[in-house]
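Count along the sequence shown starting at 1, add 114, and that's the number in the numbering used here. All C-beta atoms, glycine included, are put in the ideal place defined by N, C-alpha and C. No experiment lies behind these values; they were computed from the predicted model shown. Notes follow once the structure below has been shown.
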Amino acid sequence: MKFCSTRKKIFLLFLSSKGIGNVFIKLFKILICFGMVLYLAACAVPKKTIPAQVSPPEVKPEDTGAYYYYTESRLMSRRGELNKAVELLKGAVVRDTDSMFLKNELVQLYLRQNDYQAAMAVIQDIIEKHPEHVPSLVTLGGIYAAMDQHAEAIEAYEKALTLDPKSENIYFLLGSEYVKVRQLDRAMKLYQDLIQINSASFAGHFYLGTVYAAMKRYNQAVAILLKAIKLNPDYEQTFFELISVYEATGKHEKVIETYNKILANNPKNLRAAVGLGRFYLKIGRSEEAENVFKEVRRRNRSNPQVIKHIALIYLDEKRYEEGSDTLQLLLKDDPDNPEIHYFLGIAFEGLKKTAKAIASFEKVPKTSSYHRSAAVHLGFLYNEKGEAQKAVRVMEEAIEREPNVPELYLFLGALYEEMESYDKAVVTLKNGLHFEPDSKRLHFRLGVVYDKAGDKKACIEEMKTVIRIDPAHAEALNYLGYTYAELGTNLDEAESLIKRALKRKPNDGYIIDSLGWVYYKKGLYEEAIKCLEKAAKLVPDDATILEHLGDVYIKVSDPKKGLQYYKKALGKKGKDTEALEHKIHRVEKQLDQDA
């Protein structure tokens, strides 16, 4: 069965596309950013950074010319004139080609400029002359890591570790690369080896715990992280890692207990307080959540960012009433803040207060980074109100302001599709493809529009294009397979396409219905019944699936059951019921004759 987004589904389709203000993605990003502000700590896996080069003792170049160029380079570097500093230091290296010190300094300057290729050329020259110089191997590994060349980074770090097997820093850098390429078994073994060498290594226990958690070996993760806490009870990130494991295993009381331990040691820890409040909301303990947030607000009366963060948590948890109340309090002190107006619009939209939502979104100025997303919400809301022309006008104005944003064309095209103005929808979607020729979303939507317009050939070509761009695109695989089934052609290919879609979404009732319909078209009625019965359990209120079941039971000479499903389908079908009513009349007439 083809599942085509309409009205709210079209809107959600649009919001899921890249570059547009999907409220939940936007909230997620803001919450993450806020968390970073609240807690600047090392994360479980080292960041993509270049390890600091451990240079030899600072021995000044013997050549007086080299020394002059070196000192001038240092002066330019302090002034922030890095290009001049690099040129001067290159001059020093030319005058003293054997100086590892000068070359190391040049590497560091290149890294400050993010010129990894130039830095790599110099560090490789050092390693060629000094192949067992561990700091240079570590720097080389860091450069490769920064360039996402993880295999090469691993090779450099492994060589460095062989030369210096007691360096904890190298263990962490190498383990980070193993984790990035999902070689979790190797990362686990590496950190286990480190703990064997140094049983008191806090960092070894911490990183091993995070690897166990990534491997879903939760009991081992808990045991190792608890040991890490004993080794260093002041490092709060370990507690947060432990909380993540407890959440993953559904140990709610342990989550709460661990948050409270952090807060007992540091009552001002916003990350823990906000996290605890959010967790209470998540598990339905609203009163306790409100008590936590009340205390956070009391402690941070003069910090609107904290208050806003709490409001966003409410929105993210779909607690729109509390979210709107909190945002309106903020608005009293900052009545022209476009961000607050935008999120207040989200809250009112969630509360089904359409007029207030529209008023809030309209207060987001054109100069705001939130304006594009506000325009999309306005278009959706006007469309929901049945004011399609207003919705179109809002989107057309948004495209005039930002004509190179493909996603705006996607939503405008979907509006035209909803209005059954298929020619305009085709033109709009094609205009969007000028800016992003390989957009899966635009090609898929265009295929749907062609299908609704009756151009099956063009629909098939668009779905093939989507599959060429993304061979695992479940919706396109299903749509193309079902289209073939509708036409009664390429049924073996249709079956193959739909089975590929099911590998991606094995419990999707619409895709299972498609497979059942292919079996129906192939005359495999028993297989069809199995699929369609399963699809009906997954999507019990879909009229098309119920009608399909009616069709197949008629084929296997069970008209009573067929009629039962036809009548169920009629009760779910909102419009275009004439053909289904005709089927019901025909079966009832047959049953009367048989009686």
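Ranked by Cα distance from Lys341, the first of Glu361, Gly364, Met329 and Ile309 is Ile309. Taking a cut-off of 8 Å for Cβ pairs, the region 317-328 and the region 294-304 touch, as three or more such pairs fall below it. As the crow flies, the alpha-carbon of Ile343 is around 15 Å from that of Ala378. For Ala461, the enclosing alpha helix (DSSP H) covers residues Pro452 to Gly464.
In the structure shown, Thr691 adopts coil according to DSSP, grouped into three states. In this structure, the CA atom of Asn333 is about 25 Å from the CA atom of Leu287. Straight across, the Cα-Cα distance linking Asp622 with Gly437 is about 33 Å.
Between the alpha carbons of Gly205 and Ala199 lies a distance of about 10 Å.
The DSSP-derived three-state label of Lys554 is helix. With fewer than 16 other beta carbons inside 10 angstroms of its own, Glu242 counts as exposed.
With respect to the C-alpha of Leu356, the residue from Pro245, Thr603, Leu556 and Val369 having the closest C-alpha is Val369. Following the DSSP letters along the chain, one finds Asn197 inside the alpha helix (DSSP H) bounded by residues Leu196 to Arg209. Shown here, Val670 sits in coil according to DSSP, grouped into three states, outside any helix or strand.
Sorting Gly364, Ala469, Glu702 and Asp447 by C-alpha distance to the C-alpha of Gln678 places Glu702 at the top. By the beta-carbon neighbour count (other beta carbons within 10 angstroms, threshold 16), Pro520 is buried. Looking at Ala693, Leu705 and Ile237, the one whose alpha-carbon comes closest to that of Val207 is Ile237. Excluding sequence positions up to five before and after Ile424, its CB lies within less than 8 Å of the CB of Val388, Gly391, Phe407, Val410, Arg411 and Thr440, all in the same chain and listed in chain order.
For the alpha helix (DSSP H) assignment, the uninterrupted runs of no fewer than 4 residues enclosed by the region 236-263 are, from N- to C-terminal side, 248-260.
Note that the C-beta distance between Ala502 and Leu529 is below 8 Å. Listed in chain order, the non-local C-beta contacts of Pro673 below 7 Å within the same chain comprise Val701, Gln704 and Leu705, local neighbours out to five positions each way being set aside. Judged by their CB atoms, Pro418 and Asp448 are nearer to each other than the 8 Å cut-off. For Thr440, the enclosing alpha helix (DSSP H) starts and ends at Tyr434 to Asp447.
The C-alpha of Ala362 lies about 12 Å from the C-alpha of Ala335. Comparing alpha carbon positions, the residue from Tyr428, Val420, Pro381 and Ala488 closest to Phe393 is Tyr428. In the structure shown, Met533 falls within a coil segment according to DSSP collapsed to helix, strand and coil.
In this structure, Ser628 lies away from Met302, with their beta-carbon atoms at least 8 Å apart. In summary, Leu189 is exposed, with fewer than 16 beta-carbon neighbours lying within 10 Å of its beta-carbon over all protein chains present. One thing to note: Ile659 has its Cβ no nearer than 8 Å to the Cβ of Tyr680. Nearest to Gly527 by C-alpha distance, out of Leu560, Val252 and Pro279, is Leu560. Annotation for Val653: Gly623, Tyr624 and Ile659 place their beta carbon closer than 7 Å to its own, counting only its chain and skipping 5 residues before and after. In the DSSP assignment, Leu384 falls within the alpha helix (DSSP H) that extends over Leu384 to Lys396. Exclusion of the five residues before and after Ala274 leaves Val248, Leu251, Val252 and Ile284 as the residues of its chain whose Cβ lies within less than 6 Å of its Cβ.
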